[in-house]
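Under the numbering used here, the first residue of the sequence shown is numbered 1, with each subsequent residue one higher.
Heads up, the beta-carbon is just placed ideally off N, CA and C, and yes, glycines get one too.
Before any comments, here is the structure.
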Amino acid sequence: MIVQRKEYFRILGHAIIHVDWTHLIFNMITLYFFGEYVEEAMKVIFGYGKLVFILMYVLAAIISSLPSIAKHKNDHWYNSVGASGAVSAILFAGILLNPNMKMIVFPIPIPLPGYILGLGYLIFSHFMSKKNADNINHDAHITGAIFGFLFPLILEPKLFSLFINNLGG
Numbered sequence: 001m002i003v004q005r006k007e008y009f010r011i012l013g014h015a016i017i018h019v020d021w022t023h024l025i026f027n028m029i030t031l032y033f034f035g036e037y038v039e040e041a042m043k044v045i046f047g048y049g050k051l052v053f054i055l056m057y058v059l060a061a062i063i064s065s066l067p068s069i070a071k072h073k074n075d076h077w078y079n080s081v082g083a084s085g086a087v088s089a090i091l092f093a094g095i096l097l098n099p100n101m102k103m104i105v106f107p108i109p110i111p112l113p114g115y116i117l118g119l120g121y122l123i124f125s126h127f128m129s130k131k132n133a134d135n136i137n138h139d140a141h142i143t144g145a146i147f148g149f150l151f152p153l154i155l156e157p158k159l160f161s162l163f164i165n166n167l168g169g
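Here you go:
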């Protein structure tokens with residue numbers, strides 16, 4: 001409907017609106033825990049931490065919505081809200097920059113390396129997207145995660161060798 005009605009503001013506007021307080025709080029807690037780390041790393045790597053961070057976040061919000069827009073272009077009732085795609089981008093930029101950072105996912109009380117949880121997140125999101133059994137835009141999560149991993153690499157390709165060297169070590 002975005003294209004048919006020329007409501008292009010929805011391509012970014014969805015990231016501001018959330019289904020409920022739980023949805024908003026979960027996204028903002030995740031952004032809080034990873035955002036500062038990623039922004040500081042961007043400052044060290046590129047010299048413009050805030051600018052690169054904001055650019056990545058906004059682009060991720062836009063790009064993470066595109067697969068769903070294409071997939072549901074003829075579905076008049078489809079809608080998607082939330083910043084999860086953009087937040088996934090920040091999370092995966094953090095994993096790129098520090099793949100061994102210890103992360104805990106509720107309810108599992110065991111800290112695991114970010115790259116392990118990131119891989120699990122992608123597999124789970126892919127499975128749930130194919131299953132199509134809930135009202136969560138798993139495609140946005142996947143697209144945002146991939147964008148968040150690739151965006152810093154596009155700006156600084158040397159980060160890939162650092163990522164590989166840091167895996168498991």
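6 Å Cβ shell around LYS102 - same chain, five flanking residues per side excluded: Along the sequence shown, read from residue 1 onward, the residue named residue 102 stands at position 102. Here the set comprises PRO111.
Nonlocal neighbours in the same chain, by C-beta distance under 7 Å from VAL81, ignoring five residues either side: Numbered from 1 along the sequence shown, position 81 holds the residue referred to as residue 81. Correct list, in chain order: HIS14, ILE17, HIS18, VAL19.
Reference SER88; option with closest CA among LEU119, ASN74, TRP77, HIS76: Position 88 of the sequence shown, counted from the start, is the residue given in the question as residue 88. Nearest C-alpha to SER88 among LEU119, ASN74, TRP77, HIS76: LEU119.
Contained alpha helix (DSSP H) runs [length at least 4] in the segment 94-153, N- to C-terminal order: Within the segment 94-153, the complete alpha helix (DSSP H) segments of 4 residues or longer fall at 114-131, listed in chain order.
Same chain, Cβ closer than 6 Å to PHE9, five either side skipped, listed in chain order: Locating residue 9 in the sequence shown gives position 9, where the first residue counts as 1. Closer than 6 Å at Cβ, skipping near neighbours: no residue.
Spatial distance of GLY49 from ALA145 (CA atoms): Translated into the one-based positions of the sequence shown, residue 49 becomes position 49. Translated into the one-based positions of the sequence shown, residue 145 becomes position 145. A direct Cα-Cα distance of roughly 19 Å separates GLY49 from ALA145.
Secondary structure of ASN166, DSSP reduced to three states: If you number the sequence shown from 1, residue 166 lands on position 166. Three-state DSSP puts ASN166 in a helix.
Contact check, ALA83 vs ASN27, beta carbons under 8 Å: What you label residue 83 is simply residue 83 of the sequence shown in a count that begins at 1. What you label residue 27 is simply residue 27 of the sequence shown in a count that begins at 1. Their beta carbons are under 8 Å apart, which means ALA83 touches ASN27 by this criterion.
Rounded C-alpha distance that separates PRO109 from LEU122: By one-based count along the sequence shown, residue 109 stands at place 109. By one-based count along the sequence shown, residue 122 stands at place 122. C-alpha separation (whole angstroms): 20 Å.
Proximity to ALA60 [Cα-Cα], best of VAL44, PRO113, SER68, ILE90: Looking up residue 60 in the sequence shown gives position 60. In terms of Cα proximity to ALA60, the closest of VAL44, PRO113, SER68, ILE90 is ILE90.
Chain-order list of residues whose beta-carbon lies under 6 Å from that of PHE46 (same chain, five-residue window excluded): Along the sequence shown, one-based indexing puts residue 46 at 46. Counting only Cβ-Cβ distances below 6 Å, and skipping sequence neighbours, we find VAL52.
Beta-carbon proximity check, PHE149 vs LEU96, cutoff 8 Å: Taking the sequence shown and counting its residues from 1, the one referred to as residue 149 is at position 149. Taking the sequence shown and counting its residues from 1, the one referred to as residue 96 is at position 96. For PHE149 and LEU96, yes; Cβs fall inside 8 Å.
Own chain residues within Cβ distance below 7 Å of LEU105, not counting five before or after: Counting from one through the sequence shown, the residue named residue 105 turns up at place 105. Per the sequence shown, residue 105 should be read as Val rather than Leu. Cβ within range, chain order: LEU117.
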